[in-house]
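Data first, discussion second: the structure below is written as structure tokens.
Residue numbers (mature numbering (1 follows the signal peptide of the UniProt record, and there is no 0)): -20 to -1, 1 to 242.
Here's what the structure looks like:
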């Protein structure tokens, strides 16, 4: 009996177990940048003739600020709502799955690269389902969900999963209704470098041509100079359109889709 009791104590100490997901108070989760994590959602629309089926998952982790939809039970930490859409009719809610705040959870595999949260089983009708939430420290956000009516699996690449003392910059909290945007690239594109190389090569060609003309016939050097000046004028006239094209390429980059803050 003594050995069994000691073994249980070792197991309990190896895994962080708590009954409420309070990130700021948890010994493990408090090491990560979870204090500003928002309430997030992700949706998937399936074509299920004669209807369409929309499944939306809400993650209200770490007591995030935000309001869950009316279909979700109060104090849900995770809530999935499946809605059937028929043309000309009101949406029909067909499934609601919820993990409440009273459920226990464990934090495992906590490293600099992220951590895993395993939620306790929740009742769903006559069935019990569990969930595994894998958080990966990453510069950009990418959230994916898998659900097979028996278990929920979340994989979230996000700066929120990075340690507070990590050298990676802290994440900016998304504004309400705003999707994460891809950070701007400050490096020069290949088109800019190609233009610079072509200009330099053209300049070398003009100079070498003028020098060869001067060495062969000094009388024709003035004509070469005039040609060179005309070429420079043509290049100067083309600069505004080039700058406009570069600006259009930079501004016209589309935003990368991601999770949305509720």
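Think of the CB as a built atom: it goes at the ideal place given N, C-alpha and C, for glycine as much as any other residue.
Own chain, CB closer than 7 angstroms to residue i, minus 5 neighbours either side, in chain order
i: residue 106; result: none
i: residue 93; result: 116 and 117
i: residue 130; result: 109
i: residue 180; result: none
i: residue 104; result: 77
i: residue 11; result: 143 and 144
Integer-rounded CB distance, given that residue j should sit under 8 angstroms from residue i
i: residue 59; j: residue 74; result: Wrong, their Cβ atoms sit about 14 angstroms apart, outside the cutoff.
i: residue 35; j: residue 62; result: 5 angstroms
i: residue 66; j: residue 31; result: 5 angstroms
i: residue 72; j: residue 41; result: About 28 angstroms separates the two Cβ atoms, so there is no contact after all.
i: residue 100; j: residue 123; result: Not a contact, Cβ separation roughly 22 angstroms.
i: residue 146; j: residue 132; result: Actually they are not in contact, since the Cβ atoms of residue 146 and residue 132 sit about 28 angstroms apart, beyond 8 angstroms.
Other residues of its chain near residue i: CB distance less than 6 angstroms, five sequence neighbours each side excluded
i: residue 97; result: 85, 87 and 113
i: residue 55; result: 80 and 81
i: residue 37; result: 22, 60 and 125
i: residue 19; result: 40, 44, 46 and 242
i: residue 26; result: 33
i: residue 173; result: none
DSSP-derived helix/strand/coil call for residue i
i: residue 143; result: strand
i: residue 189; result: helix
i: residue 213; result: helix
i: residue 56; result: strand
i: residue 117; result: strand
Span of the beta strand (DSSP E) around residue i
i: residue 66; result: No beta strand (DSSP E) holds residue 66; DSSP gives it neither H nor E.
i: residue 75; result: 72 to 80
i: residue 36; result: 31 to 39
i: residue 25; result: 20 to 28
Beta-carbon contacts of residue i that lie in its chain and below 8 angstroms, excluding the five residues immediately before and after
i: residue 76; result: 51, 52, 53, 59, 60, 61 and 62
i: residue 15; result: 3, 4 and 42
i: residue 176; result: none
Residue i - partner residues in DSSP beta bridges
i: residue 98; result: 86 and 112
i: residue 126; result: 133
i: residue 61; result: 36 and 76
i: residue 104; result: 107
i: residue 91; result: 94
i: residue 138; result: 117
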